[in-house]
Amino acid sequence: MKRITKLLIFCLAMASMAVLAEHTEQGTNAPDGIGAKAAKRSHSRVKKELQDWAAKQDWFALSDTAEFGDPNRKMKVEKGMTFGYSTEFVDSKGKKHILGVGLAKDPEQDVKREMKKNMAELSATKNLMMHGKPVSTNASGTQSRSFKGTANAAQVLSTTIVRPGTEEKWILCVCAKIRGGKKTTSAPKRKDQ
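This is the structure we're talking about:
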């Protein structure tokens with residue numbers, strides 16, 4: 002009986018070592034020829050490039066030129082209302098990344114700050130998922146874009162910025178599409194221009 006138990010333990014140990022070796026080999030020899038370490042380096046590079054690019058942006062001026070986003074953005078800025086839009090970031094390798102941007106005026110009361118952060122993230126996610134969606138026109142001639150479903154998006158930046166030319170503080174949230182669905186957000190069933 003002891004001999005059978007030892008044999009069984011030996012077989013299990015060998016099997017687990019073989020599985021571990023296979024996973025290690027898969028990690029270093031990915032199907033597309035890029036190793037796991039190279040993929041991590043690439044992700045870190047893109048993240049740093051994105052952060053450097055984001056630090057130089059005037060997010061309010063960018064809103065004025067963005068093709069897709071909430072309607073009446075200028076009016077929303079002046080009234081201190083939450084709004085968002087989508088934009089594109091091209092990394093040093095020439096790869097295009099679609100970003101959703103959400104901006105919410107930083108409240109004076111700390112208790113409201115978390116709610117405002119959530120509103121900025123929701124706005125960023127919504128605009129990310131509606132990027133490039135076709136425009137539909139209803140019977141009254143009003144144009145709108147819409148998105149329904151589940152959004153696979155991850156927050157890549159969350160910070161407080163000052164609106165240029167003022168002392169107003171705004172909460173900035175930037176989201177990007179993710180693969181594998183680590184984070185899913187239910188997209189609001191709203192229509193925007």
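Residue numbers (the numbering used here): 2 to 194. Ideal placement from N, C-alpha and C gives every residue a C-beta, glycine not left out.
Name the residue from the options whose alpha carbon lies nearest to the alpha carbon of residue i.
i: S159; options: A125, L63, H98; result: A125
i: Y86; options: G101, K97, E168, T161; result: G101
i: F84; options: K96, D92, K106; result: K106
i: T161; options: L173, N153, A155, A154; result: L173
i: H44; options: N139, V157, P165, G166; result: V157
i: E168; options: E109, R114, M116; result: E109
Tell me whether residue i is buried or exposed, calling it buried when 16 or more other Cβ atoms sit within 10 Å of its Cβ.
i: Q27; result: For Q27, the pLDDT reaches just 48, beneath the cut-off of 50, and the residue's location in the model is therefore unreliable, although a value from the coordinates is still provided. By the neighbour-count rule (16 or more Cβ atoms within 10 Å), Q27 is not buried but exposed.
i: L63; result: exposed
i: E68; result: exposed
i: G70; result: buried
i: N128; result: buried
i: A19; result: Residue confidence for A19 is low, a pLDDT of 46 falling below 50, so the modelled location carries little weight; the figure read from the coordinates is stated next. It counts as exposed.
Determine, using beta carbons only, whether residue i and residue j come nearer to each other than 8 Å.
i: V175; j: A55; result: yes
i: I99; j: K48; result: no
i: L104; j: W171; result: yes
i: K97; j: E89; result: yes
Is DSSP giving residue i helix, strand or coil here?
i: A67; result: coil
i: H132; result: coil
i: A124; result: As written in the sequence, residue 124 is Ser, which differs from the Ala given in the question. Of the three classes helix, strand and coil, the one that applies to S124 here is helix, per DSSP.
i: Q156; result: strand
Worksheet entry | Ranges of the alpha helix (DSSP H) found wholly within the stretch 64 to 122, counting only runs of at least 4 | 74 to 80
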